[in-house]
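Visitor: Questions regarding the structure given below will be posed in turn.
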Amino acid sequence: MQDLRQIFDASCLRDPSGTRHVHKPRTTGNTMVMDKGLGLNAFRDLLEISHAYIDFIKLGFGTAVLTPPQILQTKIELCTQYNVNLYFGGTLFEIAYQSNLVRDYFNIIKNMKLKWVEISDGTITIPIYERNEMIKYATDHGLQVITEVGKKDKNQALQLDEMIDLYHRDLHSGASFVIIEGRESGIDVGVYDKYGDISIRDIEKCKQQMDMAIVFWEAPLKSQQIALIQSLGPLLNFGNISPTDIFSIESLRRGLRSDTYHLVQRV
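Residue numbering for the sequence shown follows the UniProt record's numbering, beginning at 1 and increasing consecutively.
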């Protein structure tokens, strides 16, 4: 067994790409997992086996308010223990905005000892000046902000230039990361077409006009993950990853799957 451990610890086997940083917080190559209602045992198992490869866990949509309070509190404590950032999906923020409860919502997050908040308008419309003000208010009161650009309804989809402009406005207002909308389906939403494909030209335009260390790509489909790694390299930030796909994503990043084994030749 010791001999096997020594073999697996060899850097050329653990990370053929030679690019992955194991220490957190990472400045590149972050992975955000979406939790849509994991039980406590499954959540604990997820962190025990995968915490080294997870940087953020988002409690998707409004599931945080459906989770029994004690279980929610335990999830928060487990994430703190394993050095993983937990935050609530942007839907709760949008509900708080429409209910004129944004400041109360921010206070609740702080009282729960959470450090991150998502600010988005994927389902509703928020004037840009108000969006900017809320980002500034959150950061001024000790929260770190992840914003999301793009609409969940394909009939209200933003053009890529609009998304890039909003990205720059969000950063100027104090956001730490910006998510490119992809939902949990990755189909006919954000930068993805009805087949779940993204054009290489769009990826290149984003690469030229946005800092990829700050952008999270919601990419729930394997084909999207491979296309993005092939275009942007293994150190891009992935969002909306299923709990069952953590090892798959990490293997793709490192060139431990045939789909991205060519990365070994590039490094």
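Idealized CB from N, CA, C, for every residue including glycine.
From a predicted model like this one, the values you see are computed outputs, not experimental measurements.
In whole angstroms, what separates the C-alpha of leucine 40 from that of glycine 122?
Guide: For leucine 40 and glycine 122, the distance between alpha carbons rounds to 29 Å.
Visitor: Consult DSSP for residue 286 and reduce its assignment to one of helix, strand or coil.
Guide: The structure shown has nothing for residue 286, since the chain only spans 1 to 267.
Visitor: How close, in whole Å, do the beta carbons of arginine 169 and glycine 29 come, if the pair is a contact with beta carbons under 8 Å?
Guide: Arginine 169 to glycine 29, Cβ: 25 Å. No contact.
Visitor: Alpha carbon to alpha carbon, what distance is there between alanine 96 and alanine 138?
Guide: Taking the straight line from one Cα to the other gives about 14 Å.
Visitor: DSSP on leucine 232, reduced to helix/strand/coil?
Guide: Correct three-state label for leucine 232: helix.
Visitor: Whole angstroms are fine: how far does the CA of valine 33 sit from the CA of glutamine 225?
Guide: In a straight line, the C-alpha of glutamine 225 is about 14 Å away from that of valine 33.
Visitor: Would you mind working out which of Asp45, Lys113 and Pro69 sits nearest tyrosine 87, comparing C-alpha positions?
Guide: It is Lys113 whose Cα lies nearest to the Cα of tyrosine 87.
Visitor: Can you give the beta carbon distance from lysine 207 to leucine 232, rounded, assuming they're within the 8 Å contact cut?
Guide: Correct: roughly 6 Å between the Cβ atoms.
Visitor: Name the DSSP beta bridge partners of leucine 86, please?
Guide: BP columns for leucine 86 point to Ile57.
Visitor: What residues are listed by DSSP as bridge partners for aspartate 35?
Guide: The partner list for aspartate 35 (beta bridge, DSSP) reads Leu59.
Visitor: Anyone know if the C-beta pair for valine 178 and isoleucine 214 falls short of 8 Å?
Guide: Contact flag set, yes.
Visitor: What does a CB cutoff of less than 6 Å around lysine 75 pick up in its chain, not counting 5 residues either side in sequence?
Guide: Within the same chain, lysine 75 has close Cβ partners Phe43.
Visitor: Look at the alpha carbon of valine 267 and the alpha carbon of threonine 31, and state the distance between them as a whole number of angstroms.
Guide: For valine 267, the predicted structure reports a pLDDT of 47, less than 50, and the residue's modelled location is therefore unreliable. A value from the coordinates is still provided. About 21 Å.
Visitor: Going by DSSP, which residues form a beta bridge with threonine 147?
Guide: Threonine 147 is bridged to Ile119 and Val178.
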